[in-house]
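Input: a single structure, listed below in structure tokens.
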Amino acid sequence: MSALIAEDEIFHEAELVWLEDITALDYVRQSLDRLPTRRGRPAYHRDGRMVGYALLGPQAKPSRSSGTFRRRVFWLLPHDRDTDPEGLYATGAPAEAVDPRTLAPGRKGRKTERSEAGPLSPAVGELGDTLPL
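Numbering (my numbering), first residue to last: 144 to 276.
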């Protein structure tokens, strides 16, 4: 879950790979999964769809107990706002959701007014922006 992902857990990320155009998404869910490799597209076993994943640099070490690597996976469920705009998340967002525009390798991302589908703050409106960066 995003609240549980610490910067030191994603320090060795080298790249984020997106499988979809994230500019069309208000939010993505992120999780830190145990995967057998540093690189490559991971298998996906959730409902919904994977929209992206992290690649780790060569300095990333596997877990001593399991031999796996902790990598972020970005995903959406069938009832998320992109497919059901008037549904459960018409406003607000799931706990593990972040605005994909705030993500970068080694940076966990954050919720924004855009990801929460809430009204823009006066500061954003004064700048003439419609979406926070």
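Every residue, glycine too, gets a C-beta built ideally from N, C-alpha and C. These numbers were taken from a predicted model, which means no experiment stands behind them.
- Taking a contact to require three or more Cβ pairs closer than 8 Å, the stretch 242 to 262 and the stretch 160 to 175 qualify as touching.
- Checking the DSSP bridge columns, you'll see S258 has no partner listed.
- In the same chain as A236, and ignoring 5 residues on each side of it, the C-beta atoms closer than 7 Å to its own belong to Y170, K254, S258, E259, in chain order.
- As summarised for the stretch 150 to 187, the continuous beta strand (DSSP E) elements at least 3 residues long and confined to that stretch are 156 to 161, 171 to 178, given in chain order.
- Within the stretch 202 to 264, the complete alpha helix (DSSP H) segments of 4 residues or longer fall at 256 to 259, listed in chain order.
- By the neighbour-count criterion, in which a residue is buried when 16 or more other Cβ atoms sit within 10 angstroms of its Cβ, L231 is exposed.
- With a beta-carbon spacing of about 6 Å, G195 and V160 fall inside the 8 Å limit used to define contacts.
- For R192, the enclosing beta strand (DSSP E) begins and ends at 192 to 199.
- The stretch 176 to 183 and the stretch 218 to 231 do not touch, with fewer than three beta-carbon pairs separated by less than 8 Å.
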